[in-house]
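Take the sequence shown: its position 22, counting from 1, is numbered 22 in full-length UniProt numbering, and each next residue is one higher.
Ideal placement from N, C-alpha and C gives every residue a C-beta, glycine not left out.
Predicted, not measured: the structure shown is a model, and the values here were computed from it.
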Amino acid sequence: MESNEIILRKPTAEDGIDVFDLVERCAPLDPNSSYCNLLQCSHFSDTAVAAEKQGELVGFVSGYQIPARQEPTWFVWQVAVDAKARGLGLAKKMVAEVLNRADMQSVKYIETTITPDNEASWALFRSLAKQLDAPLEDSVMFDETKHFKGRHGTEHLVRIGPFNLAGH
Ligand SMILES: CC(C)(COP(=O)(O)OP(=O)(O)OC[C@H]1O[C@@H](n2cnc3c(N)ncnc32)[C@H](O)[C@@H]1OP(=O)(O)O)[C@@H](O)C(=O)NCCC(=O)NCCS
1 MESNEIILRK PTAEDGIDVF DLVERCAPLD PNSSYCNLLQ CSHFSDTAVA
51 AEKQGELVGF VSGYQIPARQ EPTWFVWQVA VDAKARGLGL AKKMVAEVLN
101 RADMQSVKYI ETTITPDNEA SWALFRSLAK QLDAPLEDSV MFDETKHFKG
151 RHGTEHLVRI GPFNLAGH
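Here it is, written out as structure tokens:
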């Protein structure tokens, strides 16, 4: 009998197309090109996580360490949890899995961007800030008019930290 357990692991390039499909199922996330998802799963696999249940991709977090930052900062690009796996703490577990990796222990900040209407995302990152016992600040990162030229809602930069992973 196959296990019902959800396995968390680093993604590989073979996950790229499944990530593309998952993100498409997870409105309001912006779909990326499949090529972009393949890069997230290959070059950036050390800062990404795939959640697999019975061979099916049910969750994914993409991200990278922001280049040239004095204080190591993990930028969380997208968090996607399949509708049938929501409400079970999977998003938080995936983030924790990445932060627990040995080569992430120097990370002091998490950054992400969120549109004002994405309540689930705000709730997730507020909950993470609480868990990390760290302040959360928000400011405009990409403005609807100035940056998106009216094609997309304003993306707010959410910055959590500083935190000390050794203490968690
Ligand atoms: C947002 C999303 C990733 C949450 O996944 P999840 O596995 O259900 O989240 P978790 O169970 O880990 O919940 C994390 C916290 O957010 C809260 N939360 C989750 N979904 C919520 C919702 N729809 N409304 C309000 N709060 C919500 C939980 O109550 C929990 O808070 P707590 O720790 O204080 O109890 C998932 O709903 C999703 O993929 N949505 C579509 C894509 C998207 O908007 N992604 C967000 C980009 S970051």
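**Asked** Touching or not, the region 135-151 and the region 44-57, by the rule of three or more beta carbon pairs under 8 Å?
**Response** no
**Message:** Assuming the contact rule is C-beta atoms closer than 8 Å, A166 and Q105 should be a hit. Round their C-beta distance to whole Å, please.
**Reply:** Position 166 of the sequence shown, counting from 1, holds the residue named residue 166. Position 105 of the sequence shown, counting from 1, holds the residue named residue 105. Sure, about 6 Å apart at Cβ, within 8 Å.
**Request:** Write down every uninterrupted run of the beta strand (DSSP E) in the UniProt domain "N-acetyltransferase" (6-164) whose length is 3 residues or greater and which is fully enclosed by it, in chain order.
**Result:** 6-9, 49-53, 56-65, 73-81, 109-114, 136-142, 155-160
**Message:** Does the contact criterion of 3 or more C-beta pairs under 8 Å hold for the region 112-130 versus the region 72-82?
**Reply:** Taking 8 Å as the limit for Cβ pairs, the verdict is that the region 72-82 does touch the region 112-130.
**Item:** Under 8 Å between C-beta atoms of V19 and P11
**Value:** As a first step, residue 19 must be located in the sequence shown, where it is residue number 19. As a first step, residue 11 must be located in the sequence shown, where it is residue number 11. Yes, Cβ-Cβ distance for V19 and P11 is below 8 Å.
**Stretch-stretch touch, CB-based, cutoff 8 Å, three pairs: the region 91-98 with the region 115-130** = Touching, per the Cβ criterion.
**Prompt:** Out of E52, N100, D103, P135, which has the shortest C-alpha to C-alpha gap to residue 192?
**Reply:** Lying before the first or after the last residue shown, residue 192 is absent from the chain, which here runs from 1 to 168.
**Prompt:** By how many angstroms is the C-alpha of I160 removed from the C-alpha of residue 171?
**Reply:** Not covered by the structure: residue 171. The range shown for the chain is 1 to 168.
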